[in-house]
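Asker: Just dropping this structure here.
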Amino acid sequence: MNVFQAAILGILQGLAEFLPISSSGHLELAQQMMGLTDNSQAMLLLSVLLHAGTLVAVVVVFWEDWWNILKNPFKSKTLGLLFIASLPALAAALLLDVDQLFGSGFLGIAFIITGLFLLLAEKLSKRGKHAAGKDQMDVKRALAMGAMQAVALMPGVSRSGSTLLGGVASGLSRKTAAKFSFMMSAPAIVGSLLMEGKDALESGAFDFLSANLIPIIVGVLLSAISGYLAIRYMLKLINKISFGWFALYVFILGAVVIVLQLTGVGGLPAISFPFMN
9 MNVFQAAILG ILQGLAEFLP ISSSGHLELA QQMMGLTDNS QAMLLLSVLL
59 HAGTLVAVVV VFWEDWWNIL KNPFKSKTLG LLFIASLPAL AAALLLDVDQ
109 LFGSGFLGIA FIITGLFLLL AEKLSKRGKH AAGKDQMDVK RALAMGAMQA
159 VALMPGVSRS GSTLLGGVAS GLSRKTAAKF SFMMSAPAIV GSLLMEGKDA
209 LESGAFDFLS ANLIPIIVGV LLSAISGYLA IRYMLKLINK ISFGWFALYV
259 FILGAVVIVL QLTGVGGLPA ISFPFMN
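Using the numbering used here, the first residue of the sequence shown is number 9, and each one after it goes up by one.
This is the structure:
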């Protein structure tokens with residue numbers, strides 16, 4: 009892997025983690041297109057490290073919130089809600105082998121699913137009681153967003169898009185749902201670092217890390233920078249921009265990926281469905 013490839017992956021990870029277009033899907037697609045598929049464990053380690061870059065972005069943007077949590081962790085309502093919101097995805101990750109269940113050919117379908125989630129979130133945020141939107145998080149809303157985060161364990165489905173739908177559907181305002189969604193990414197990324205990072209290192213991916221240290225540093229740095237910009241962009245424009253534009257983008261991308269899968273062009277894996285691998 010060279011510096012240019014690492015830079016592309018870092019920028020994609022940072023932008024797609026917080027724009028509702030699926031960072032895992034974009035990373036997988038970019039790796040396929042650039043031929044970076046020879047060592048799956050090395051690519052898993054790289055993905056984990058790039059996610060660590062976006063964790064830095066979350067910490068920097070919301071540093072006041074994290075500082076307030078650290079000052080009084082046992083009295084912090086936000087910390088409790090983040091813990092509750094993390095439980096559904098944690099349970100799903102422990103009980104299900106998601107990658108084995110869905111296989112590597114689910115990518116195009118996953119982009120389409122993300123688009124459907126975004127269209128639904130847009131319609132709900134404009135109708136009835138959802139249009140008013142509440143700015144107060146509670147256990148019910150944290151669980152709703154957590155359940156959708158578990159759904160986003162499907163490879164290629166956007167975590168931020170799914171949790172935004174969960175927040176809006178539970179009655180939250182778009183901005184409050186977006187902020188909590190971004191903060192929810194922190195425990196999710198930490199969990200990924202602990203679980204997947206350990207497996208990757210034990211499988212010998214450390215050799216890949218040491219041999220590609222400079223490109224990886226560049227990728228992680230750009231992941232943090234682009235992630236920071238993506239969070240700022242979404243928080244500033246969340247009430248002005250339509251989720252429909254993001255939906256259109258992932259619909260088109262999903263259709264292109266499905267065509268490539270059906271034709272075999274680009275070396276993408278054939279389309280696969282759950283329980284059919």
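By construction, the Cβ of each residue, glycine as well, lies at the ideal position given by its N, Cα and C atoms.
In this text, all values refer to a predicted model and were calculated from it rather than measured experimentally.
Taking the straight line between their C-alpha atoms, what separation do you get for Gly-235 and Ala-158?
Answerer: In a straight line, the C-alpha of Gly-235 is about 22 angstroms away from that of Ala-158.
Asker: Please go through the segment 64–100 and give each complete alpha helix (DSSP H) segment of 4 or more residues, from N-terminal end onward.
Answerer: 71–79
Asker: Measure the C-alpha to C-alpha separation of Ala-140 and Thr-45 and round it to an integer number of angstroms.
Answerer: At Ala-140, the pLDDT of 49 sits below 50, so the modelled position is not reliable; the number obtained from the coordinates is stated separately. Those two C-alpha atoms are separated by around 46 angstroms.
Asker: Compare the beta carbon distance of Gly-164 and Gly-33 with 8 angstroms and say whether it is the shorter of the two.
Answerer: yes
Asker: Using only alpha-carbon positions, find the residue among Leu-256, Arg-240, Phe-251 and Ile-224 that is nearest to Ala-60.
Answerer: For the set Leu-256, Arg-240, Phe-251 and Ile-224, the Cα lying nearest the Cα of Ala-60 is the one of Ile-224.
Asker: Per the DSSP calculation, Lys-244 is bridged to which residue(s)?
Answerer: Secondary-structure assignment with DSSP links Lys-244 through no beta bridge to anything.
Asker: If we call anything under 8 angstroms between Cβ atoms a contact, is Gly-179 one with Ile-279?
Answerer: no
Asker: Return the residue from the list Ile-239, Lys-248, Gly-205 and Thr-271 that minimises the CA-CA distance to Ala-50.
Answerer: Gly-205
Asker: Within 10 angstroms of the Cβ of His-138, are there 16 or more other Cβ atoms? Answer buried if so, exposed if not.
Answerer: At His-138, the pLDDT of 48 sits below 50, so the modelled position is not reliable and the matter cannot be decided from this model.
Asker: With 16 other CB atoms within 10 Å as the buried threshold, where does Thr-271 fall?
Answerer: exposed
Asker: Report, in whole angstroms, the separation of the C-beta atoms of Ser-133 and Arg-182, which I expect to be a contact under 8 angstroms.
Answerer: The pair is a contact, with the Cβ atoms about 5 angstroms apart (cut-off 8 angstroms).
Asker: Once you ignore the five residues that flank Val-265 on each side, which residues in its own chain have a CB closer than 8 angstroms to its CB?
Answerer: Leu-37, Leu-115, Gly-116, Phe-119 and Leu-276
Asker: Measure how close the beta-carbons of Met-153 and Gly-169 come, nearest whole angstrom, since I'm counting them as under 8 angstroms.
Answerer: Between Gly-169 and Met-153 the Cβ distance is about 12 angstroms, and since that is not below 8 angstroms, they are no contact.
Asker: Assign Glu-276 to one of three DSSP states: helix, strand, or coil.
Answerer: The residue you asked about is not Glu; residue 276 is Leu in the sequence shown. Of the three classes helix, strand and coil, the one that applies to Leu-276 here is coil, per DSSP.
Asker: Quick one: give me the first and last residue of the alpha helix (DSSP H) that Ser-31 is part of.
Answerer: Run containing Ser-31: 31–41, per the alpha helix (DSSP H) assignment.
Asker: Along the chain, which unbroken stretches of the alpha helix (DSSP H) at least 4 residues long are found entirely within the segment 143–213?
Answerer: 147–159, 167–177 and 182–208
Asker: With distances taken between CB atoms, is the gap from Ala-238 to Val-64 smaller than 8 angstroms?
Answerer: no
Asker: For the pair the segment 124–132 and the segment 77–84, tell me if three or more CB-CB distances fall below 8 angstroms.
Answerer: no
Asker: Measuring CA to CA, which of Phe-91, Gly-18, Ser-30 and Leu-54 is closest to Ala-194?
Answerer: The residue with the shortest Cα to Cα distance from Ala-194 is Phe-91.
Asker: If we ignore side chains and look at the alpha-carbon of each, how far apart do Asp-107 and Met-191 end up?
Answerer: 25 angstroms
Asker: Would you please state the rounded distance, in angstroms, between the beta carbons of Gly-123 and Ala-15? I believe it to be under 8 angstroms.
Answerer: 27 angstroms between Cβ atoms; not a contact.
Asker: Measure the CB-CB distance between Leu-104 and Gly-199 and report whether it falls below 8 angstroms.
Answerer: no
Asker: Hey, Ala-101 and Leu-57: beta-carbon distance below 8 angstroms or not?
Answerer: no
Asker: Tell me whether Gly-123 sits in a helix, a strand or coil according to DSSP, three-state version.
Answerer: Here Gly-123 sits in helix by DSSP.
Asker: List the endpoints of the continuous alpha helix (DSSP H) containing Phe-110.
Answerer: Its alpha helix (DSSP H) spans residues 106–110.
Asker: For the candidate residues Phe-26, Asp-143 and Gly-113, whose alpha-carbon lies nearest to that of Gln-269?
Answerer: Gly-113
Asker: For Asp-202 and Ala-185, which I take to be in contact (beta-carbon distance under 8 angstroms), what is that distance rounded to the nearest angstrom?
Answerer: A small fix is needed here, since residue 202 is Leu in this sequence, not Asp. Contact flag wrong, Cβ pair sits at about 27 angstroms.
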